[in-house]
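Visitor: Numbering (the working numbering), first residue to last: 9 to 77.
I'd like to ask some things about the structure below.
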C-alpha cells in the first residue's frame with residue numbers, strides 16, 4: 009500500500025516512463041496523487057506557472073522506490 013511521502017516511479021509496463029520519479033502527495037480514492045520531480049516533468053512557464061508536474065495515477069502502474077517511514 010502506497011502512502012504519502014513514498015518515492016515512486018512508473019513500472020516497466022509503461023515503456024519510456026520508468027525513469028520518472030515522484031513523491032506521493034495524496035491518496036485520491038483509488039488513485040494516487042504524485043508530484044513528479046524528474047527533469048522531464050518540469051512545467052514550462054514563468055512565475056507561478058513554473059514548477060513541477062502533478063498527476064493522479066493508478067497504483068497498478070507505479071512502484072515504490074523508497075518508503076516514507
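Glycine included, every Cβ here is placed at the ideal spot set by N, Cα and C.
Which term fits residue 14, buried or exposed, when burial requires 16 or more other beta carbons within 10 angstroms of its beta carbon?
Guide: Within the chain shown, residue 14 is the residue found at index 6, counting from 1. That one is buried.
Visitor: One question on the structure: do residue 32 and residue 12 come within less than 7 Å of each other, judged by their Cβ atoms?
Guide: By 1-based counting over the chain shown, the position of residue 32 is 24. By 1-based counting over the chain shown, the position of residue 12 is 4. A distance below 7 Å separates the beta carbons of residue 32 and residue 12.
Visitor: With H, G and I counted as helix, E and B as strand and the rest as coil, what does DSSP make of residue 21?
Guide: For this step, residue 21 is matched to residue 13 along the chain shown. Three-state DSSP puts residue 21 in coil, outside helix and strand.
Visitor: Look up residue 41 in the DSSP assignment and say whether it is helix, strand or coil.
Guide: Start at 1 with the first residue of the chain shown, and residue 41 comes out as number 33. The answer is strand: DSSP assigns residue 41 an E or B state.
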